[in-house]
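J.: The structure under discussion is supplied below as structure tokens; questions concerning it will follow.
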């Protein structure tokens, strides 16, 4: 009764299309067969055995539900799977099946196999996000909008810069993930290839190569640094996706309306309110990412595992690891759609720049007045003028001029009204925005 | 591709027997039909409508997979479900369907319905744990074993007292859970029963009664205290189960062997080592409970939800809430088996009491010597004798007598050897163990 | 080098005024002296001993820094404290000092003593929040504003109802906290009052009474349910405070401006932008509450402690428990100020209701049209009119009338323009808002 | 009243020796002065200004407590610090103070400065751990002990291999940390160097160089990937330290006694039990690391920060970041002592290998019998013999020979008793242990 309906829509859609548990059984089988092949190539088992195993088992239909049930007695999926595989083999091959392996070798390696295409897809989605973001950055390198700090209007920026920050977050996470290697697991009962001497390491290395996995220094049954590195890199990307979704949901608020999620048939409709278009993709990203953080918390609390094999710590990793990755893939599917189809309302951005009557320009104004008044009086005047503009609903430049005249009649003429107008024009106060976009693109494409 | 096989064995088994998503659809339907009945009883919709709705929909086969897919556009399960239900109704009834409700009303209430029998089962399992624990406490009220602090042998206790602590943990959690009421959700689009005036509250109260749920003060769309209380009570019980499993896995270590998990066909066997019996139930409890903590972390980080409806926070709650409960039920199934069938090896307990040559009795000895030597010298003598006994592998009483003679010849005869023997007998140094067991039983049965 | 400056401003201010570590030493001393008094009253130690101990130690100046250093060798604060206390006693009293106690007895009980006044203050602050909230609810029972779901404008509510939700969150948390009893800890080395027989329980009960703490069923050295209950209740209140701060920070956004944090000298000013008033109190609440969730995570992951005493799990609890409470107190100090002085801008609320040209009223309009057009056509018409109003910047009622005429000329006259006007007036569409406020007040005061 | 005594002993000791808040003030000052110097070198402020600032402020005594108090109104430490600094400057320099900076620039950069020497010390401690571990690996490359999976005796390994796993955990974490660059923060009010054009980026780059910090692509006010990477690398090392402490606390259990923490004056003594030596260093490591996980949870949940500046998310990072690093440093101080002085009891290791009567060798025996009996019968015989040996307390080889004779008389003579003896000798069944140690050392030194 885990209600799948409540979580599968948040997850990787291609992965969900595939048959579920069958994939894991296939991955375990792939590990066992590659193990036999490696052992055959090293002369450990008779020539031809591995091929005959593959022939016997590749078309064998494993009873997935029996394996699932078997976990409850054995404690992990490999135990019932290995039994079922052995039974399905011709008698003379059984002794070469699962040879020198322990169940954790099979489960860990199978998980790594399962995750390999998922990580490739993450990289692919992140590539699309990057491309889409660069497009937005180029298109909006000069689109002025208000920057907001502590969710209050602060000073002007460009929309291009905002997108640059999203893109940098994703790309840092992508590079972190890309540096990770998913290692094979093979150590036997207590991690030292009992009964196989130095050949154990050869088998481990060969198995890695055959499966396309990385070669670890040693078996890592209770050295879970690779899992920690993977889970925390996934979590970092969750943070990047969540940042995008958070910004979109804030900017898409009815009163702001600066961006909108791409329209789509039925997308974001309300069950009761016809006028509403909910930022559903942002909600799904944020929901998925919060859960990824929970999965990461399980894994970081389970990194230390006792002696040669965990007692619950390892078991606790499985679902958080797989679901964490699938939830991230789901979140990135949504993020890709968002970035590729984001509706940008530059008119609303302009409108919101004017909401304070121009008072967001108080800082440049204060800076402009400082040579005349000193920093404190300049700051005070700029602030008081902002307050007056807000109360009187008049343009900031006008309030400023009036207040300047009242308080500092001696400066009459020293500062021209068009100078004040310029000082209060957001489009003239964008700092390094344009250079930042260029620098970010260079780095993203580097 | 969420690999169910990796997690379902850890979860409530009866719940898993049931069809999965179908149950949630049924629960949503139950909420909608009860809503119509409540509205009919209040004269809001025509007499007979609710009955006709029930007739039309109770046998209707909802397309679960379409609903699952629909979540991705609507953002929650109620949106596609409500559409599908409306289409399945005769035309004249459609206007009375989902009347005054919002999708969160349906999803939250359905979740509460779904959890109601699970909480009942938790209570039932906890009752069985309590009964089994009381049995163990009575049987072992005088079974002496060593108490261990910081995992070092310290002083004697009884096994009965140890079980009492397990039982108190479970019972505190059970009472905490039993005090919770699962509330109905009904507030309409923005939680104020838009369009229904004060009658909205009447509908909410009536709906609660009809569904057997608790009446909240107000709708709680973004007041998630009830969810926090539920998730943290579930987590507290996870802590209690984990404590049992932690103690069992420590006491069942090969070198200690004081308890063993109940034997069972194939239970705990290793895929490679025939002699091993792994404490698989403890591993499954510990694995499940670690994940429950992760689920709790998601929920406590999502308690604060914005304005009138969450944007990802609510979505993040669903699976952690349901899976948290199912994982706890699974853990308690295992705990029940453990407590009902635990193998207690009182001989090993006696053997381990002797492991230090009696040095665990240094504290009572020091206490016995204090009137003669003062606390500091007494403590030092007791400690040094313990060290000597350990190095010489001789009984503690003997090392003590010798050292006493060396250092304090003036006390010769003041302390008889049989006094020292008595001071070093663990069974005479059990403190309030027996009274504690009696007190705990009285409270557990209270 | 823990940078206190970065965290103390977020914490309970009265608690911070007090001397820090000194308070903990005082609390440990209070426990030891009450223990001696209890033992004296039970005839365990000679009459007069406890009084002489108090006389000797109450004015003794403990070397706090030596105790701090001593933790690193003993592993907890009681070990060096007990040593220091013993040395400061007359020789004949030393044997009665710390009698039958273990260091965890002292540390746990001292922590409970330390937290007792803090919990009282939390209750006091929550009482002030409740009073202030009720005032706001009464004042604004009819203040119309827009309800927002998924941060999009949805339908009208009142500000009174919004405050009611804040108040219910706080009050549920307050009641949860108020039901908790902080228990004394007293069990001796392995929790069974070694060497004291049944009298151990009498001492425990008497000590609890003397210290004003609750009597536990048994010592709870590794039964951490009381700590879990306390930490999760604290965390629930953090969620309630965070919800208030989240709503305030959203409503106070420049473009919304519906509420403002109370003004205060220098409060919320920016180091660079004179016009800005940052919602600093909300930021401090949200910062503190996020950290409380982290502290709660530590505690829920440490609930299961091994055998008779933890090995790191207990040690991990100390700071998260104390800092969690102090951070909550700090957050509630800010929440109290917010609620007592919140600036409510009902004019801005009215202005924002009009932002969509009235389209937030599409749902009541659809409902009004349903008898004429059926639900689907009614919903479509209401939605299309909303879109037209938004594009043409005309009032929603006007767009509606036009579209109705175009699509359904047969209804001409069936629905009067003033009916449409009424259907689009937010103040006439507040549902049970007023009744909800009354119901909430009754419950809050109940 | 945050009780420092309860947490400072767990933290970096050299860092604690330093004055606390003063260091942070110094770091903020260093950032401001380097900013002025950079600006002077770019011709932004008059030649000589920066030097005069330094002269005026380096000896100025900042009122730390006023700054601490000021955080509560401004929301961060830079606001009151900047004010205090400005006041302390000659009038004509004030306009060049904090020029173009925002408070987050100062706080973030100061935090990075503060952490730089700490990370260097972490690296240093990890170097010492590596050296000590390599020593242990070399010394114990052939020290046979039992490997334990799910905390049950499984098969032989060497102590050298166990240490190799600890060392690999630390070294993976060390390399992860070493790859991180702590970036300068400099973006001005909204991150785009408002008012400074492209020169803003030049100032940022120059400031980084002057402070010895890394150059970020762009300011990272709400792109918290660098903080996530740092916090999760710290957490990974916590996992490695915790693994060491977990293993040590398990192996040091009274019944196992295979290792002991280094003895030390008063180290690990109990307040009540003279015979006990508590594994206090392990407890402190485990306590610290659990808290690090809590700090990491705060940071990973705060990675997504809204728009141009966080509203509580940023504030929540400060203490978890600093304390996380200090706690790790404390844990590594303990780990270094543990690894440099660990007492290894190889005799106890040998003794424990014999605890099961040799039954841990059932797997090699089964493997030896397989060619004669097939895998299933061989496994069954080996397991049944283990059970018989356990029950009869006879050597495993003897039980095996007897059972073999009973069940398979046809094999009489096929397997010699000395073959069985050899098959049951742990020292002959160490797999790749020795090769693993060599491989690990090569990688560690690589």
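Protein chains in written order, with my numbering: chain A, 33 to 478; chain B, 33 to 478; chain C, 33 to 478; chain D, 33 to 478.
Note that the Cβ used here is the ideal one computed from N, Cα and C, for glycine as well.
Quick one: what does DSSP say residue 255 of chain B is sitting in, helix, strand or coil?
T.: Here residue 255 of chain B sits in strand by DSSP.
J.: Taking 7 Å as the limit between beta carbons, can you name the residues of its chain near residue 102 of chain A, skipping five residues before and five after?
T.: 111 and 112
J.: At a CB-CB cut-off below 9 Å, which residues of chain D make contact with residue 315 of chain B?
T.: Neighbours of residue 315 of chain B on chain D, chain order: 182.
J.: Using three-state DSSP, classify residue 288 of chain B as helix, strand or coil.
T.: coil
J.: Please list, in chain order, the chain B residues whose beta carbon lies closer than 7 Å to that of residue 288 of chain D.
T.: 287
J.: Below 8 Å on C-beta distance, what does residue 337 of chain B contact in chain D?
T.: Within 8 Å of the CB of residue 337 of chain B, no CB atom of chain D is found; the nearest one sits about 15 Å away.
J.: Could one say the Cβ of residue 155 of chain D lies closer than 7 Å to chain A's Cβ atoms, at least one of them?
T.: no
J.: Between the alpha carbons of residue 298 of chain B and residue 161 of chain B, how many angstroms are there, rounded?
T.: Cα-Cα distance, rounded: 24 Å.
J.: So if I threshold CB-CB distances at 7 Å, which residues from the segment 187-204 of chain C count as touching chain A?
T.: 187
J.: Which whole-angstrom value is the C-beta distance of residue 293 of chain A and residue 318 of chain A, which I expect to be below 8 Å?
T.: In this structure, residue 293 of chain A and residue 318 of chain A do not form a Cβ contact; the two beta carbons are roughly 13 Å apart against a cut-off of 8 Å.
J.: Quick check on the burial criterion: 16 or more other C-beta atoms within 10 angstroms. Buried or exposed for residue 93 of chain A?
T.: exposed
J.: Quick check: is the beta carbon of residue 95 of chain C nearer than 7 Å to any beta carbon in chain B?
T.: For residue 95 of chain C, no Cβ of chain B is located within less than 7 Å of the residue's own Cβ.
J.: Among the residues of its own chain, which have a CB less than 7 Å from the CB of residue 68 of chain D, if the five just before and after it don't count?
T.: 77, 81, 82, 85 and 128
J.: Going by other Cβ atoms of all chains shown within 10 Å of its Cβ, with 16 needed for buried, is residue 244 of chain C buried or exposed?
T.: It counts as exposed.
J.: Helix, strand or coil for residue 468 of chain A per DSSP?
T.: helix
J.: Rounded to a whole number of angstroms, what is the C-alpha to C-alpha distance between residue 96 of chain B and residue 393 of chain D?
T.: So the alpha carbons of these two residues sit roughly 53 Å apart.
J.: Distance check for residue 469 of chain C and residue 399 of chain C, CA to CA, integer angstroms please.
T.: 25 Å
J.: Do residue 258 of chain A and residue 219 of chain A come within 7 Å of each other at the CB atom, strictly closer than that value?
T.: no
J.: Could one say the Cβ of residue 185 of chain D lies closer than 7 Å to chain B's Cβ atoms, at least one of them?
T.: yes
J.: Under the DSSP definition of a beta bridge, which residues are partnered with residue 165 of chain B?
T.: Paired residue(s): none; residue 165 of chain B is not in a bridge.
J.: Quick one, are the C-beta atoms of residue 329 of chain A and residue 270 of chain B less than 7 Å apart?
T.: no
J.: Which stretch, first to last residue, makes up the alpha helix (DSSP H) that contains residue 351 of chain A?
T.: 345-373
J.: With DSSP run on the structure shown, which of helix, strand or coil describes residue 458 of chain D?
T.: helix
J.: Anything in chain D within Cβ reach of residue 387 of chain B, meaning under 7 Å, just list it in chain order.
T.: Counting only Cβ-Cβ distances below 7 Å, residue 387 of chain B has contacts in chain D at 286 and 287, in chain order.
J.: Please return the same chain residues whose Cβ sits closer than 7 Å to the Cβ of residue 57 of chain D, not counting the five positions on each side in sequence.
T.: 94, 96, 99 and 113
J.: Just verifying my parser: in three-state terms, what is the DSSP assignment at residue 296 of chain C?
T.: coil
J.: Taking CB distances under 7 Å as the criterion, tell me whether residue 310 of chain D reaches chain B.
T.: yes
J.: So residue 272 of chain C packs on residue 201 of chain C, CB below 8 Å; how close in whole Å?
T.: 4 Å
J.: Taking only the alpha-carbon atoms, compute the straight-line gap between residue 192 of chain A and residue 158 of chain A and give it to the nearest angstrom.
T.: 18 Å
J.: Counting only beta-carbon atoms, is residue 331 of chain B nearer than 7 Å to chain C?
T.: no
J.: With respect to the alpha helix (DSSP H) encompassing residue 332 of chain B, which residues constitute its N-terminal and C-terminal limits?
T.: 312-333
J.: Around the C-beta of residue 375 of chain B, are 16 or more other C-beta atoms found within 10 angstroms, so that it is buried, or is it exposed?
T.: exposed
J.: From the DSSP output, read off the bridge partner residues of residue 185 of chain D.
T.: D:180
J.: Please report how far the alpha carbon of residue 389 of chain D lies from the alpha carbon of residue 382 of chain D, in whole angstroms.
T.: 12 Å
J.: Please state the DSSP three-state secondary structure of residue 235 of chain B.
T.: helix
J.: Which stretch, first to last residue, makes up the alpha helix (DSSP H) that contains residue 228 of chain A?
T.: No alpha helix (DSSP H) contains residue 228 of chain A, which DSSP labels as neither H nor E.
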